[in-house]
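As you go down the protein sequences, you meet chains R and V in turn. The letter at position 462 of the first sequence is residue 854 when you use the working numbering, and the numbering goes up by one with no holes. The letter at position 26 of the second sequence is residue 1425 when you use the working numbering, and the numbering goes up by one with no holes. By construction, the Cβ of each residue, glycine as well, lies at the ideal position given by its N, Cα and C atoms. The structure presented is a predicted model; accordingly, all values stated were derived computationally and were not measured.
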Amino acid sequence: MLNPDPFVLGLLANTFSGGSSPGLWTASDLVKILTVGIFLTATALLYELPRRRSRAATTEALRKANAGLVAEIDTLRKAEQKLKDETVNLDRRLAECTATLDATHAELRKQIEEREKAQVALRESEGLFSQAFRHSPDCISIVRLSDRTVIQANEAMCIFWGSTPEKVIGRPTWDYAQWCNEEERGRFVQALQETGECLNHETNMRLKDGRVVRFNVSSRLISINGESCALTVMHDVTERKKAEVAAAQLAAIVEFTEDGIIGKNLEGIVTSWNSGAERIFGYRADEMIGQSILRLLPPDRFDEEAEILKGIKRGESGRHFETVRVRKDGGSIFVSVTVSSIKNAAGEVIGASKIARDITAQKRLAEERVKLARLIEHSGDFIAMADLEGRITFLNSGARKMIGYDPTEDPQNLLFTDYVPSKWQDFFRETVLPTVREKGLWEGEMQLKNLATGALVDVFRSTFVLRDSTGKPDSYATVTRDITDRKEAEEKINRLNADLEKRVVERTAQLEAANRELEAFSYSVSHDLRSPLRAVDGFSQAVLEDFGPLLPAEGQRQLRTIRASAQRMGHLIDDLLTFSRLSRQPLQRQAVDTNALVRTVIDDLQQQARERSITIRCGSLAQCFGDPALIRQVWVNLLTNAFKYTGKTTDPQVEIGSITEAGETRYFVRDNGIGFDMRYAGKLFGVFQRLHRLEDYEGTGVGLAIVQRVVHRHGGRVWAEAKPNEGALFQFTLGPDTLS
Amino acid sequence: MNSSHVIELLLVEDNPADLELALRALKKVKLANSIAVARDGEEALDFIFCRGAHAGRKVTDGPKVVLLDLKLPKLDGLEVLRAIKSDPRTKMIPVVVLTSSKEQRDLVESYSLGVNSYIVKPVNFEGFTDAMRDLGVYWLMLNQAPRLT
């Protein structure tokens, strides 16, 4: 059978068209070829024969033809042999070709089979991807960017959109969901177009049903049929967000709670440390994390931690205890601790949490309370509490002693009226208790009764209401002090006061009488002592005038001495009266312009000593507060002295000034005169005391006594420094209020 | 001016020594001509108000000035002063207190009673004489008193 393969047909066509590839012919092909050849040759011979007879065909011709035939037959024989050889050759080649064709055919068949397999696999794979797209829990959509038309959307997306994948195709996305913030969407799309993708962008979208859902959105720019589309994958992160917020809240609670919350592992190494712990212990988190918890324990309590860790390893939780810990600053604190083990997912204990609360203040308070209770118990005062019905609930030892109550007996049976003496009962019920109830407090003096002896005790009593934490009256409290001694002392003081009063009155009367006598005395001195002196002086003069010529010179001198003495005595009396007057007359204090006052004094003195040439240096003088007339007298006397005692000095100088130091002003007068010996300084300010002879310096010896009297009356002091022949310095103050 | 027997100056002084010295001083300054002397307060008032020994005189013929000591027997100087100054007939007579006392209360009292001048007698006789002269010149010569009618 001929193979219909076109390759073979092509080969045949080549043969017929005279090609030079006979090696590819089959045997039967050659037979046909030969048959055709012989037929064609015979046909040609038969055509030649009629032509020979017609021309008297001849033997010659036949012979010639015969010879030609023989030659042809020989050629044919040769050709046949050649054909036979060729056929063998062709058969061999044919076998070879057939083998080649078979191999090729097998290869092709194999290839076809493989291709078919691949197509099946491809079909299966496409189905898978399609399913993955459709059923992905994430929302996936392909949206044309130009008009926001949905090209594809999966089921998860459509659930949010409230539709189905079939219906959403070709619809705009805004039919189903919109970005809450359109501007944000604009930026997102812009970024997508510029960079080709936008990944993990979180945003809120409003769905058709009005819900707002937070999505994590990732988009990639793809091209479908030459149009820009966004392949978008979104997932709902609302729950995750909520969980994050909840976790953050929990973290904040842990961080900001007053309590210290500490995590540690099974080796006792701190793994977490909140700000409460920081406040309580003073260490910062970075100082404690990674450190042993033993750092917080006083050395004598290290065993405690081993015990705690043992419990934790057993999985114990909620163990609560109070203990002592050490702060960073070294201070000990009392803490209340709750330790719980921490387990991993597999239920294995991996560490412990420790909640610590600083209870130092409570502890101290409790200690204080114990101390206060002891203080109250041992107070010598009566301290008691009673309920609102007056039943005694507490009675300290001082109270028991005061009212003679058995120290061992329970005071529960005692009423607070029991130890009020009968004569005070009405007062207690009608005044004390109502006042306490209305005003919360009654204080005053009353008496209590000693139950053992019946004796009455004078007391100062404070009774007040104690209230509970809501402000409601809870009980009465009383603090009472035995004032027997004070009462007696008061009596004594009253008696003494009365006595003193009487004595003051008597003494005042005596003083007043003395004062009156003194006044009368100086009055009569003023009148009666002066007039004889005047007579002595006057008549001595009369003698000199009337009988002068009759007297010898010595007699005249003696009369003049009598006169001088009388006049001097007149001066003494005048000065003494001035001195006396200064002591008696009341001070008329006022602000005094010392500068002006001293200026007038200097002017007067210079007027009286016009022949003298004294250098006066006067600094600025502080104002003072005193009696201007008396202060003037002080300056007059001091400056008079300065003038007088520089009387024999060459280049006499007087310096005046004031110095204010530490709130006190000191005035001074310095001269370069005769001075005095400091040994006699003590006599300086005495009445009629003189340090110089009358012939040298006249005077009565009262001037400085007056100065001192005035200064003392102003509350000041006066003192002097001097050296003989070098001058004197007088200083005085006028008391602390001179500046006011 | 009145005639020479008219009393121009009444000197009220109990102390004889002071009196003598006063007169001596007045004489020295030529003022001793028409002086009357009273030795106590009562006598002074008798003279002023023309009673007793002076009943014959007229109150309107009063002295030109009265020199009055304060410390006097019977009635003291302040009482005499009060009597003179509280009587409308005599209150215009100038009264000069002439005393040893420098006591403030005497000064205040005298002035409140209407004294015309207050002189403290100096111990020193020259001073005393000077004071008398000044007094006489002033009150008897310079001062113009209203005429008593």
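*Return no unless some Cβ of chain V is closer than 9 angstroms to the Cβ of R:Met961.*
The sequence position of residue 961 of chain R within the first sequence is 569, counting from 1. So yes, R:Met961 belongs to the interface.
*Determine the direct distance from the alpha carbon of V:Ile1434 to that of V:Pro1462, and round the result to whole angstroms.*
Here residue 1462 of chain V is taken as the residue at index 63 of the second sequence, counted from 1. Here residue 1434 of chain V is taken as the residue at index 35 of the second sequence, counted from 1. Whole-angstrom Cα-Cα distance: 9 angstroms.
*Do you know how far the Cα of R:Arg1109 is from the Cα of V:Ser1500?*
Mapped onto the second sequence, residue 1500 of chain V falls at position 101. Mapped onto the first sequence, residue 1109 of chain R falls at position 717. Here the alpha carbon of V:Ser1500 sits roughly 32 angstroms from the alpha carbon of R:Arg1109.
*Where does R:Ser709 sit, in a helix, a strand or coil, going by DSSP?*
Start at 1 with the first residue of the first sequence, and residue 709 of chain R comes out as number 317. Coil.
*From the DSSP output, in three-state form, read off R:Glu472 for me.*
Working through the first sequence from its first residue, we reach residue 472 of chain R at position 80. If DSSP states are grouped into helix, strand and coil, R:Glu472 belongs with the helices.
*Check R:Glu1118 in the structure and name its three-state DSSP category.*
As a working note, residue 1118 of chain R is residue 726 in the first sequence. Three-state result, R:Glu1118: coil.
_Suppose you measure from the CA of R:Pro414 to the CA of R:Lys470; what does that come to, to the nearest Å?_
Here residue 414 of chain R refers to the residue found at position 22 when the first sequence is read from its first residue. Here residue 470 of chain R refers to the residue found at position 78 when the first sequence is read from its first residue. Caution applies to R:Pro414, whose pLDDT of 47 falls short of 50 and renders its modelled position unreliable; the model cannot decide the point.
*Can you name the residues of chain C whose CB is closer than 7 angstroms to the CB of R:Asp850?*
The structure shown has no chain C; the protein chains it does contain are R and V.
_To be precise: take each residue of the segment 1512-1533 of chain V, compare its Cβ to all Cβ atoms of chain R, and keep it if any distance is under 7 angstroms. Which residues remain?_
For the segment 1512-1533 of chain V, the set of residues with a beta-carbon nearer than 7 angstroms to any beta-carbon of chain R comprises Lys1520, Val1522, Asn1523, Phe1524 and Phe1527, in chain order.
*In chain V, what lies closer than 7 angstroms to R:Gly930 by C-beta?*
Along the first sequence, one-based indexing puts residue 930 of chain R at 538. What R:Gly930 touches in chain V: Leu1420, Phe1524 and Phe1527.
*Neighbour flag for V:Leu1430 against chain R, beta carbons, 9 angstroms*: Taking the second sequence and counting its residues from 1, one reaches residue 1430 of chain V at position 31. Not one chain R Cβ lies under 9 angstroms of V:Leu1430.
*Got a sec, what are the start and stop residues for the alpha helix (DSSP H) R:Gly930 sits in?*
Along the first sequence, read from residue 1 onward, the residue named residue 930 of chain R stands at position 538. Note, R:Gly930: alpha helix (DSSP H), Arg922 to Phe939.
*Could you run through the segment 1490-1505 of chain V and flag, in chain order, every residue whose CB is less than 9 angstroms away from some CB of chain R?*
Flagged, chain order: Thr1498, Ser1499, Ser1500, Lys1501, Glu1502, Gln1503, Arg1504 and Asp1505.
_Distance between R:Ser771 and R:Asn788 (C-alpha atoms, nearest Å)_ = Locating residue 788 of chain R in the first sequence gives position 396, counting from the first residue. Locating residue 771 of chain R in the first sequence gives position 379, counting from the first residue. Their backbone Cα atoms lie some 8 angstroms apart in a straight line.
*asked:* Assuming the contact rule is C-beta atoms closer than 8 angstroms, V:Leu1474 and V:Leu1497 should be a hit. Round their C-beta distance to whole Å, please.
replied: Walking along the second sequence from the start, residue 1474 of chain V turns up at place 75. Walking along the second sequence from the start, residue 1497 of chain V turns up at place 98. Going by Cβ atoms, the distance from V:Leu1474 to V:Leu1497 rounds to 16 angstroms, so no, they are not a contact pair.
*asked:* At 4 residues or longer, what runs of the alpha helix (DSSP H) sit wholly inside the segment 1064-1105 of chain R?
replied: Within the segment 1064-1105 of chain R, the complete alpha helix (DSSP H) segments at least 4 residues long are 1095-1105, listed from N- to C-terminus.
*asked:* Among the candidates R:Leu1126, R:Gly1127 and R:Asp1069, whose CA atom is the shortest distance from the CA of R:Glu1118?
replied: The residue you call residue 1118 of chain R lines up with position 726 of the first sequence. The shortest Cα separation from R:Glu1118 among R:Leu1126, R:Gly1127 and R:Asp1069 belongs to R:Asp1069.
*On a CA-only basis, which of R:Leu997, R:Glu1090 and R:Asp810 is nearest R:Phe1035? Give me that one, please.*
Locating residue 1035 of chain R in the first sequence gives position 643, where the first residue counts as 1. Residue R:Leu997 is the option with its Cα nearest to R:Phe1035.
_Neighbour flag for V:Leu1469 against chain R, beta carbons, 9 angstroms_ = Position 70 of the second sequence, counted from the first residue, corresponds to residue 1469 of chain V. By this cut-off, V:Leu1469 is an interface position.
*Does the separation of the CB atoms of V:Asp1439 and V:Val1411 fall below 9 angstroms?*
On the second sequence, residue 1439 of chain V is found 40 positions in, with the first residue counted as 1. On the second sequence, residue 1411 of chain V is found 12 positions in, with the first residue counted as 1. Result yes, Cβ atoms of V:Asp1439 and V:Val1411 sit closer than 9 angstroms.
_Rounded separation between R:Ile700 and R:Phe726 - CA only_ = In the first sequence, counting from the first residue as 1, residue 700 of chain R sits at position 308. In the first sequence, counting from the first residue as 1, residue 726 of chain R sits at position 334. Approximately 17 angstroms, taken between the alpha carbons.
*Going along chain R, which residues have a C-beta under 8 angstroms from V:Ala1416?*
What you label residue 1416 of chain V is simply residue 17 of the second sequence in a count that begins at 1. The answer, in chain order, is Ser923, Pro924, Arg926, Ala927, Gly930 and Phe931.
*Please say whether R:Gly1011 and R:Gly1065 have beta carbons closer to each other than 9 angstroms?*
The count along the first sequence starts at 1 and reaches residue 1065 of chain R at position 673. The count along the first sequence starts at 1 and reaches residue 1011 of chain R at position 619. Contact check for R:Gly1065 against R:Gly1011 fails: the beta carbons are separated by 9 angstroms or more.
*Closer than 8 angstroms by C-beta to R:Asn573: which residues in its own chain qualify, once you throw out the five before and the five after it? Chain order, please.*
In the first sequence, residue 573 of chain R corresponds to position 181, counting from 1. These residues qualify, in order along the chain: Thr595 and Asn596.
*Based on Cα-Cα distance, which residue from R:Ala583, R:Gln977 and R:Thr715 lies nearest to R:Leu689?*
Within the first sequence, numbered from 1, the residue matching residue 689 of chain R stands at position 297. With distances taken between Cα atoms, R:Leu689 lies closest to R:Thr715.
*asked:* When you compare the CB of R:Tyr915 with every CB in chain V, is at least one pair closer than 9 angstroms?
replied: For the purposes of this step, residue 915 of chain R is taken as residue 523 along the first sequence, with counting starting at 1. Interface annotation, R:Tyr915: in contact with chain V, CB-CB separation under 9 angstroms.
*Touching by the beta-carbon criterion (3+ pairs, under 8 angstroms), the segment 533-552 of chain R and the segment 612-627 of chain R*: In this structure the segment 533-552 of chain R lies against the segment 612-627 of chain R, because at least three pairs of beta carbons, one per stretch, are closer than 8 angstroms.
*asked:* At the level of alpha carbons, what is the spacing between R:Ala737 and R:Glu558?
replied: For the purposes of this step, residue 737 of chain R is identified with residue 345 of the first sequence, where counting begins at 1. For the purposes of this step, residue 558 of chain R is identified with residue 166 of the first sequence, where counting begins at 1. If I take the Cα positions, the gap works out to 45 angstroms.
_Are the CB atoms of V:Val1464 and V:Val1536 within a distance shorter than 9 angstroms?_
The count along the second sequence starts at 1 and reaches residue 1536 of chain V at position 137. The count along the second sequence starts at 1 and reaches residue 1464 of chain V at position 65. Against a cut-off of 9 angstroms, the Cβ pair of V:Val1464 and V:Val1536 comes out as no contact.
*Can you check DSSP and say which residues form a bridge with R:Arg608?*
In the first sequence, counting from the first residue as 1, residue 608 of chain R sits at position 216. Note that residue 608 of chain R is Asn in the sequence shown here, rather than Arg. BP columns for R:Asn608 point to R:Glu594 and R:His627.
*So which residues of chain R does V:Arg1438 contact, with C-beta pairs closer than 8 angstroms?*
As a first step, residue 1438 of chain V must be located in the second sequence, where it is residue number 39. At a C-beta separation below 8 angstroms, V:Arg1438 has no neighbours in chain R, since its nearest C-beta there lies roughly 15 angstroms away.
*How big is the Cα-Cα spacing for R:Gly743 and R:Arg756?*
Start at 1 with the first residue of the first sequence, and residue 743 of chain R comes out as number 351. Start at 1 with the first residue of the first sequence, and residue 756 of chain R comes out as number 364. Cα-Cα distance, rounded: 33 angstroms.
*Through-space distance from V:Leu1512 to V:Leu1469, alpha-carbon basis*: The count along the second sequence starts at 1 and reaches residue 1469 of chain V at position 70. The count along the second sequence starts at 1 and reaches residue 1512 of chain V at position 113. Between V:Leu1469 and V:Leu1512, the C-alpha separation is close to 13 angstroms.
*asked:* I want to see whether chain R comes within less than 9 angstroms of V:Arg1481, judged by CB atoms only; does it?
replied: What you label residue 1481 of chain V is simply residue 82 of the second sequence in a count that begins at 1. For V:Arg1481, the answer is no, since every Cβ of chain R falls outside 9 angstroms of its Cβ.
*Between the Cα of R:Leu1083 and those of R:Arg853, R:Tyr1037, R:Glu1047 and R:Asp810, spot the shortest distance and give me the residue it belongs to.*
Stepping through the first sequence from its first residue, residue 1083 of chain R is reached at position 691. The candidate whose alpha carbon is nearest that of R:Leu1083 is R:Tyr1037.
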